[in-house]
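Comments concern the structure below.
Protein chains in written order, with my numbering: chain A, 239 to 458; chain B, 24 to 366.
Next comes the structure, spelled out in structure tokens:
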């Protein structure tokens, strides 16, 4: 039964049908709850959608954005449930995200935040034009193991190297892990290594897996 | 044949002395005249000097006004960030919410003093190169312009979830873009270059483009000049068929990694198709590789009378060795010698 519902939700995600997707989740939650819907229905459907996205270049940012909105819808409904039983909330880790210095293309970063939160991460989103020291100070303050830095264009991606250097010079190499992302890294994958990223993901949904892997690799 | 005659002949599928070629050297002119980019992108005289130097150095078949969308954003009041080697970028979008569009003056180009920079350049270049070489100026259609005003994510959200808001924005951008295009044409622009910076397959779905198509077509119809649809560096082929019959649109520039033959199949035989070497990549290739790749493209398209060799995507980088760019011209000349027995 659940696999059929996951498939239906996947089809709604592919069709960018926000209304149908919410109906499927609501129906499942009415028999169970939103937390289970998040874990058993949305997460697997998003994972499949992410795989589909990677294999299918015709998926646009608009498709991803609507998928993000659907995740946000479910997340908000789950949050309402949490309000009544906060002690039960389980998270997978703490992540710091932001667009690197001089970068103002926030959509990808916001999608990453949505999908990380939907998957149980506590996300601290620092917004656009974030300096290296701001990323690191916040990570240390909040106890995060992973920093996600986003850049859309080559000229700004180079600023991520400053963040790499700052992490290393403060002695947090292999401790504070650096995830990098944005359109330019999909176009020029070799840049990941050049700017000192510990890993990247081709889209927002895949970022969840990346953050988990980096968190496990962290020696903090 | 001069450039003007060559482009005109290509538009008609007539014979030419050699294939026309276009090099996006909007930025590169600053390097030739050794101008700091902040001045180059704010002083029309300096930009004009740079493009004259480009023309004298390479003799391309098109001359470009500044190929910079952020400069359009600056005209609306957004702050620019300048770089040593790259064109300026917007620090942030002009507006953070939809209602702020009300603060704009009436949608006339004359109400935005910074647009004078573009208009002056076009006027100077077209005066100098009248009937010699066409002048191409970048502009945006009314559905793409809001990406500059609101940023990509905000405009996408408005388009996806706020029909009233979308209409409110277009009610402003349509008359503005028409007036600005008229001003560019009145000052001597030969071709209006419109990259679909929003309506492209990486950002929106085909259905979204189809919904906006009547607006785009009506807008292009009211634009009394020739339009070049330019990929601008994004994926383009999946939607090229949607734009192929757009009024007044005579040429299509595909991205550096897209297949010219597929593009031709989708466009039909009698539209100008341009491409297909990646301009920003020229800095990373050897002169020999550039020559070979140019020859390969010319051979592939040699029987296509509506083909123009062009660098695709964004500007050719400032520090690209001059020899790399010259190799394109050498290959064009050599191919003409082989094909027509002349250089």
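Positions of the beta carbon are idealized from the N, C-alpha and C atoms, including for glycine.
Since the structure is predicted, the reported quantities are computational estimates derived from the model, not experimental observations.
Do you know whose CA, among the options, lies nearest residue i's CA?
i: residue 238/A; options: 269/A, 425/A, 277/A and 383/A; result: Since the displayed chain A opens at 239 and closes at 458, residue 238/A lies outside it and no answer follows.
i: residue 271/A; options: 336/A, 291/A and 315/A; result: 315/A
i: residue 418/A; options: 409/A, 439/A, 259/A and 410/A; result: 439/A
i: residue 476/A; options: 330/A, 267/A, 310/A and 304/A; result: In the structure as shown, chain A starts at 239 and stops at 458, and residue 476/A therefore has no counterpart that could be examined.
i: residue 396/A; options: 370/A, 380/A and 383/A; result: 370/A
i: residue 361/B; options: 339/B, 327/B, 342/B and 321/B; result: 321/B
i: residue 170/B; options: 224/B, 145/B, 93/B and 208/B; result: 93/B
i: residue 121/B; options: 297/B, 310/B and 176/B; result: 176/B
i: residue 229/B; options: 297/A, 240/A and 248/A; result: 297/A
i: residue 294/B; options: 26/B, 32/B and 28/B; result: 32/B
i: residue 223/B; options: 192/B, 250/B, 164/B and 349/B; result: 164/B
i: residue 123/B; options: 338/B, 172/B, 326/B and 339/B; result: 172/B
i: residue 459/A; options: 257/A, 268/A and 319/A; result: Past the edges of chain A, shown from 239 to 458, lies residue 459/A, and the structure says nothing about it.
i: residue 330/B; options: 226/B, 195/B and 292/B; result: 292/B
i: residue 343/A; options: 333/A, 334/A, 240/A and 365/A; result: 365/A
i: residue 361/A; options: 384/A, 340/A and 339/A; result: 384/A
i: residue 50/B; options: 34/B, 37/B, 71/B and 36/B; result: 71/B
i: residue 279/B; options: 236/B, 337/B, 307/B and 35/B; result: 337/B
i: residue 339/B; options: 272/B, 300/B, 323/B and 364/B; result: 300/B
i: residue 73/B; options: 83/B, 251/B, 52/B and 80/B; result: 52/B
i: residue 363/A; options: 356/A, 357/A and 373/A; result: 373/A
i: residue 319/A; options: 274/A, 393/A, 375/A and 259/A; result: 274/A
i: residue 352/A; options: 367/A, 441/A and 394/A; result: 441/A
i: residue 436/A; options: 453/A, 425/A and 407/A; result: 453/A
i: residue 238/B; options: 192/B, 81/B, 28/B and 161/B; result: 192/B
i: residue 126/B; options: 141/B, 147/B and 99/B; result: 99/B
i: residue 257/B; options: 335/B, 326/B and 197/B; result: 335/B
i: residue 318/B; options: 298/B, 345/B and 38/B; result: 298/B
i: residue 242/B; options: 351/B, 95/B and 194/B; result: 194/B
i: residue 137/B; options: 282/B, 67/B and 349/B; result: 67/B
i: residue 34/B; options: 328/B, 304/B and 282/B; result: 328/B
i: residue 363/B; options: 350/B, 351/B, 326/B and 345/B; result: 326/B
Based on the DSSP output, what are the partners of residue i in its beta bridges?
i: residue 338/B; result: Bridge partners of residue 338/B: none, in fact.
i: residue 438/A; result: 418/A
i: residue 217/B; result: 252/B
i: residue 272/B; result: 250/B
i: residue 45/B; result: 333/B
i: residue 103/B; result: 113/B
i: residue 385/A; result: 334/A and 416/A
i: residue 158/B; result: 86/B
i: residue 312/A; result: Residue 312/A is not bridged to any residue.
i: residue 362/A; result: 334/A
i: residue 368/A; result: 338/A
i: residue 299/B; result: 333/B
Rounded C-beta distance between residue i and residue j? I'm assuming under 8 angstroms.
i: residue 87/B; j: residue 47/B; result: 6 angstroms
i: residue 156/B; j: residue 85/B; result: 7 angstroms
i: residue 309/A; j: residue 284/A; result: 6 angstroms
i: residue 158/B; j: residue 152/B; result: 7 angstroms
i: residue 387/A; j: residue 398/A; result: 5 angstroms
i: residue 429/A; j: residue 422/A; result: 6 angstroms
i: residue 334/A; j: residue 377/A; result: 5 angstroms
i: residue 349/A; j: residue 420/A; result: Contact flag wrong, Cβ pair sits at about 11 angstroms.
i: residue 246/A; j: residue 262/A; result: 5 angstroms
i: residue 299/A; j: residue 179/B; result: 7 angstroms
i: residue 235/B; j: residue 277/B; result: So it is not a contact: roughly 21 angstroms between Cβ atoms.
i: residue 449/A; j: residue 354/A; result: 6 angstroms
i: residue 332/B; j: residue 355/B; result: 6 angstroms
i: residue 281/B; j: residue 260/B; result: 5 angstroms
Quick check on residue i - is its C-beta less than 8 angstroms from some C-beta in chain E?
i: residue 183/B; result: No chain E appears in this structure, whose protein chains are A and B.
Query raised in the report: What are the residues of the region 337 to 353 of chain A that lie near chain B, defined by any Cβ-Cβ distance shorter than 8 angstroms?
Result: 340, 342, 343, 344, 345 and 348
* To do: Give the residues from the region 262 to 284 of chain B that approach chain A closer than 8 angstroms (Cβ to any Cβ), ordered along the chain.
  => none
Open item on the list: By the 9 angstroms beta-carbon criterion, what residues does the region 82 to 109 of chain B contribute toward chain A?
Closed with: 104, 106, 108 and 109
Got a sec: which bits of the region 151 to 178 of chain B sit with their beta carbon under 8 angstroms from any beta carbon on chain A, in order along the chain? 174, 175 and 176
- Using 8 angstroms as the threshold, is the region 286 to 293 of chain B in touch with the region 239 to 248 of chain B, meaning 3 or more CB pairs across them? no
**Q.** Sufficient close CB pairs (3 or more, under 8 angstroms) joining the region 91 to 105 of chain B to the region 54 to 65 of chain B
**A.** yes
Could you run through the region 283 to 299 of chain A and flag, in chain order, every residue whose CB is less than 8 angstroms away from some CB of chain B?
295, 296, 298 and 299
Just by C-beta distance, which residues in the region 218 to 239 of chain B are closer than 7 angstroms to chain A?
224, 225, 226, 227, 228 and 231
Can you find at least 3 beta carbon pairs, one from the region 32 to 50 of chain B and one from the region 113 to 122 of chain B, that sit closer than 8 angstroms? no
>> When you compare the region 203 to 213 of chain B with the region 182 to 190 of chain B, are there three or more beta-carbon pairs, one atom per stretch, that lie closer than 8 angstroms?
In response: no
When you check each C-beta in the region 119 to 132 of chain B against every C-beta of chain A, which residues fall closer than 8 angstroms?
none
* Taking three-plus beta-carbon pairs below 8 angstroms as touching, is the region 252 to 264 of chain A in contact with the region 279 to 298 of chain A? -> yes
- prompt: Are the region 132 to 140 of chain B and the region 195 to 206 of chain B touching by the rule of at least three beta carbon pairs closer than 8 angstroms?
  reply: yes
*asked:* Using a Cβ-Cβ cutoff of 8 angstroms, what residues of the region 428 to 454 of chain A are near chain B? List them in chain order.
replied: none
Interfacial residues, the region 300 to 314 of chain B to chain A, with Cβ spacing under 7 angstroms: none
Using a Cβ cut-off of 9 angstroms, which residues of the region 380 to 410 of chain A contact any Cβ in chain B, in chain order?
-> 390, 391, 392, 393 and 394
*asked:* Beta carbons nearer than 8 angstroms to chain B: which residues of the region 254 to 269 of chain A have them?
replied: 254
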